[in-house]
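Q: Below are the structure tokens for one structure; questions will follow.
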Amino acid sequence: MATVLTVVGILVFAVGLLISIAWHELGHLSTAKLFGIRVPQYMVGFGPTVWSRKKGETEYGFKAIPLGGYIRMIGMFPPGEDGRITKRSSSPFRTMIEDAREASYEELQEGDESRLFYTRKPWKRVIVMFAGPFMNLILAFGLFLTVNMGFGQPTALPTIGSVSQCIVKAGQPTDVCPADAPPTPAFQVGLKQGDKVVSFDGDRIRDYDQLQTDIRKSAGKVVPIVVERDGQQLTLTPTIAVNAVQKFDGNNLPVKGETVQAGFLGFTPKRAIVQQTFGQSLDRMYDMGENGVKSLAALPGKIPGLWNAVVGDAPRDPDSPIGMVGAARVSGEVFSLDIPGSQRIAFFVNLLAGINLSLFLFNMLPLLPLDGGHIAGALWESVRRRLARLFKRPDPGPFDVARLMPLAYVVASIFIGFTLLVLVADLVNPVKIS
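First residue of the sequence shown? That's 448 in the numbering used here, and the numbers climb one at a time after it.
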């Protein structure tokens, strides 16, 4: 049964990924047609065509490799300096440029002269290229709201889940107490599983984060704590100990392998699935977006760890980047876990939302061949033309993005190499969540 559920999880992820790709390309397609640009093809996937149908002037279809998609727009690049579409040269860089230019005109038909992508105003081209990633952002927003407000999120509560008997440094086992380990303040004053903390040192407690912060700031102090137990309120007065505890960053996320000296009471909070309000959901999504940007910036530093995971014996870092194959394996693993069905669905929806957020952030990088590279080219053209008008100089004309194709090939080669490294790591040393 577990194998069947794993396969179901992988298939469900594949369908979700295809929908995300199709949704992305729909953004490009709809805005291109809105601005009168001719679009001969709308394809989900790469490689040989599995199925297609032509409707109007556009061929819609699916290709064999479901790891991307594209729409083909006529006239992505302006003609060369001589006004021609192609201009052959023995230079390999010139060949790259002119091959790209030729490809953008290969389906040119009579009457298309007024329907070329590069002839549209820069702001229209920005909208067309931004619309794809923006569709991923919209989908991520909707999916995150569904999870947070519909299913809820695992949340630490200001309720005692378990009490530690002795004080040990963060990261050390708590099931066995060393002979010289002192008892925890929570154990000394008789805190029990299920006690709900109502107030701490006179402050009414709203959530666990507030309680944790108050405890950490109270090292060495005797603090009155009001707890609710069996419908009655009790006041306990522990002396808050000093201990090496987990360090957190500004977003209240644990800093791996780092501790700080702070106040310590000695209990683990109860956790439950709690539905979030709209405001709480927005806060969570903002944090995820911020963390996504940081993770994207940290990708180059993850390469040595990925390489070691492939060729070495080191375990795969749980924070290691994963590709679509790795994400599919995680989805399959989640579907096979012995957890309620609602939690399986919530995890999958959250995973798909995270992938769509990553697609938005990745595609907004101002590098060709990504959407962000075309956006940067259109914005630079707008700046050049505005400066020319300001200083009463001749119009410099459209910015020839095709000239950047040699750089685009370098960027694409780096992306492909990184993708292959992640793929191999996902196959030989995958990230496991269980």
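Backbone N, C-alpha and C fix where the C-beta goes; we use that ideal spot for every residue, glycine too.
All figures in this text were calculated on a predicted structure; none of them were measured in a lab.
I need the DSSP call for E705, collapsed to helix, strand or coil.
A: Correct three-state label for E705: strand.
Q: Using three-state DSSP, classify G801 as helix, strand or coil.
A: Of the three classes helix, strand and coil, the one that applies to G801 here is helix, per DSSP.
Q: Which partner residues of S499 appear in the DSSP bridge assignment?
A: G508, per the DSSP bridge assignment.
Q: Reducing DSSP to helix, strand and coil, say where K480 ends up.
A: If DSSP states are grouped into helix, strand and coil, K480 belongs with the helices.
Q: Taking C-alpha atoms, which residue in L851, I880, Q708 lies nearest to F524?
A: Closest by alpha carbon: L851.
Q: Starting from the Cα of E560, find the closest Cα among I585, G713, E737, P526 and give me that residue.
A: Nearest of I585, G713, E737, P526 to E560, Cα basis: P526.
Q: Tell me whether K694 sits in a helix, a strand or coil according to DSSP, three-state version.
A: In the structure shown, K694 sits in a strand (DSSP, three-state: E or B).
Q: From which residue to which residue does the alpha helix (DSSP H) around T606 run?
A: Element bounds for T606: not the alpha helix (DSSP H) but the beta strand (DSSP E), 600-610.
Q: For A688, is the classification buried or exposed, using 16 other Cβ atoms within 10 angstroms of its Cβ as the cut-off for buried?
A: Result: buried.
Q: How big is the Cα-Cα spacing for M735 and A626?
A: So the alpha carbons of these two residues sit roughly 43 Å apart.
Q: I'd like to know whether the C-beta atoms of G463 and L799 end up nearer to each other than 7 Å.
A: Yes; because the gap between Cβ atoms is below 7 Å, this pair is in contact.
Q: Would you check if the distance between the CB atom of P716 and the CB atom of A603 is smaller than 7 Å?
A: Closer than 7 Å, so yes.
Q: Taking the alpha carbon of G579 as the point to measure from, which residue in Y856, R840, I822 has its own alpha carbon closest?
A: Ranking Y856, R840, I822 by Cα distance to G579 puts I822 first.
Q: Verify whether the separation of the beta carbon atoms of T684 and V669 is less than 7 Å.
A: Cβ distance < 7 Å, so T684 and V669 count as in contact.
Q: Where does A453 fall in DSSP's three states?
A: The sequence given here places Thr at residue 453; Ala does not occur at that position. Helix.
Q: Can you grab the Cα-Cα spacing for the pair Y565 / K480, in whole Å?
A: Using only the alpha carbons, I get a separation of about 14 Å.
Q: Does the beta-carbon of I484 have 16 or more other beta-carbons within 10 angstroms, so that it is buried, or is it exposed?
A: It counts as buried.
Q: Is it buried or exposed for Q723, if we count other Cβ within 10 angstroms and need 16 for buried?
A: Under this definition Q723 is a buried residue.
Q: Using 6 Å as the cut-off, classify the Cβ of Q722 as near or not near the heavy atoms of the ligand HEM, replying yes or no.
A: Within the structure as shown, the ligand HEM is missing, as the structure has no ligands at all.
Q: Inspect the CB distances between the region 585-598 and the region 788-803 and report whether three or more fall short of 8 Å.
A: Enough Cβ pairs lie closer than 8 Å, so yes.
Q: In three-state terms, what does DSSP make of F711?
A: Looking at F711 - three-state DSSP - the assignment turns out to be strand.
Q: Measure the C-alpha to C-alpha separation of P632 and V721 and round it to an integer number of angstroms.
A: Taking the straight line from one Cα to the other gives about 29 Å.
Q: Quick check: S611 and G713, are their CB atoms within less than 7 Å of each other?
A: Contact: yes.
Q: If you compare alpha carbons, which of Q679, D766, N690, G608 is closest to G667?
A: Nearest option by C-alpha distance: N690.
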